[in-house]
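Written out below as structure tokens is the structure these notes cover.
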Amino acid sequence: MLRIALTCLAFIALLAFFFRLWPSHMNVPTNVAKTKPVDCPNRRYVVMIDAGSTGSRVHVYDFAVCGPSPELVNETFEMLKPGLSSFPGDPKGAAMSLKPLLDVAMAAVPSNRQSSTPISVKATAGLRLLGETKSAEILKGVESYLREYPFILPENAVSIMDGADEGVYAWITTNYLLGNIGINARSQTAAVFDLGGGSTQVVFEPSHPDHIADPKHKYELTFAGKSYVLYQHSHLGYGLMEARKKVFESVYSAAKKNSASAGQLDVIVNPCLPPKVEKSAEIGSANEKVSVSMIGPDVASSAQCRSIAENILKKDAHCPVGPCSFNGIHQPSISDAFPEDSDIYIFSYFYDRTSPLGMPQSFTIAELRDLTSTVCLGKDSWSTFGAIEGAVAELEEGPEWCLDLNFIYAILHTGYDLPLNREVKIAKKIKDNELGWCLGASIPLLSLAS
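What the sequence shown shows, in mature numbering (1 follows the signal peptide of the UniProt record, and there is no 0), is residues -26 to -1, 1 to 424, in sequence order.
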């Protein structure tokens, strides 16, 4: 685990940061303001690239240091597809795929600041799933390519981020932007649920540390002088893209089991597709893939799809230390260990699959269930979304909407055990800053900026 400590220097306009490794503990020392300062000529920049499973994103943070603590002035954000994991065996191609993002960073950081601006590339679940050898080759290629740019490249700046740190940094970003942590912070913190392409993270502060029965899920954090004990876990293989694969494989396996001639079937009925909608799916590992044609049933079957989504969660797996969420992983019960009046923020694919269909900023799990059922009914029911700009087009272009929403509902309700009446909040940004782990991970790099 990462531990970050802070020492205030005499020079009032600048906070110096230093950090060191320490098991199961992180000390995040600063209070970065969110309001734009007036007439501050002293600026520091940090470039953070999030190399996710489905794409890469650059965040360029502009801080002002004319007061007792740095103030976040602006964030420049850009994203592209595909991600680094789409280049197995091609480290040069992986590195070159970041060029458009690096061009954005070069334009955002003034030329006279580029040589004093740190840059970091942190990969997440996509590279974790690729395997140690191939991922190491890609990271080495990226690091070599970054040395062609004027930015500061710290030690271990290009690496795969530990899943625990990914979730906790996202928790820091969210609660800092909400004003829940730091100087003059509110007493309650928000829970964070992040759904990426390859993994999903959950981080929250239980009402009492004793709720965390398994110490490997306990994360001790100090931020601006206040201590927090967090529950955290990163479920590798349960991001949305990985969930799709699991669902398709489950449908294919069931078809093979139920038909001796399944290998010769022209089309397999998939209850996670809208009625009569066709989809080609790749089944199996990279070395032994089978292309399978699937089609939605004659009559919508959202409940059957939901059952498949719940089955891949392995809710009944052996639970060594209870209570467990899914796949045998210990997690304190949200109902018992997290206050009912505290916010739960869900973002990334949770946001991307609900906001375009008109879901409000806050909604209950029951309302998510109803949305899922409507989408799975197919085109005849999509007129419901007619008043929402672009919603029907999104549904028509993406045959996986029914599958995606059923998995999202299943993982929140069955997996993470959120009650039907529990309200969650979706967000992509807070105070014009992107949610996710990047801001939280960028703060310690300010010690290298000048």
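No residue lacks a Cβ here, since even glycine has one placed at the ideal position from N, Cα and C.
- Going by DSSP, V20 is part of the beta strand (DSSP E) stretching over 17 to 25.
- Residues G332 of the same chain have their beta carbon placed closer than 6 angstroms to that of I362, with the five preceding and five following residues left out of the count.
- Taken through DSSP and simplified to helix, strand or coil, R327 comes out as coil.
- With a cut-off of 8 angstroms on Cβ pairs, the segment 204 to 224 is in contact with the segment 128 to 142, counting three or more such pairs.
- Checking the DSSP bridge columns, you'll see S421 has no partner listed.
- Counting C-beta pairs with one atom in each stretch, the segment 343 to 361 and the segment 379 to 395 have three or more that are closer than 8 angstroms, which means they touch.
- Between H292 and H191, the gap from beta carbon to beta carbon reaches 8 angstroms or more.
- Per the Cβ contact rule, the segment 111 to 121 is not in contact with the segment 139 to 153 (fewer than 3 Cβ pairs under 8 angstroms).
- In the DSSP assignment, A255 falls within the beta strand (DSSP E) that extends over 252 to 257.
- With a cut-off of 8 angstroms on Cβ pairs, the segment 19 to 34 is in contact with the segment 47 to 59, counting three or more such pairs.
- The continuous alpha helix (DSSP H) containing A365 extends over residues 365 to 371.
- For D36, the three-state secondary structure derived from DSSP is strand.
- Under the DSSP definition of a beta bridge, N130 lacks any partner.
- Put simply, of R218, E216, N244 the residue whose alpha carbon is nearest the alpha carbon of A228 is N244.
- The residue from E370, G100, A274, L394 with its alpha-carbon nearest to that of D24 is G100.
- Boundaries of the beta strand (DSSP E) around T338: 336 to 338.
- H209 has T174 as its beta-bridge partners, per DSSP.
- Per the coordinates, the alpha-carbon of K263 lies some 6 angstroms from the alpha-carbon of E256.
- Per the coordinates, the alpha-carbon of A415 lies some 39 angstroms from the alpha-carbon of S276.
- The DSSP assignment places complete alpha helix (DSSP H) segments of no fewer than 4 residues inside the segment 92 to 139 at 99 to 104, 106 to 120, in order along the chain.
- The C-alpha of N48 lies about 36 angstroms from the C-alpha of P183.
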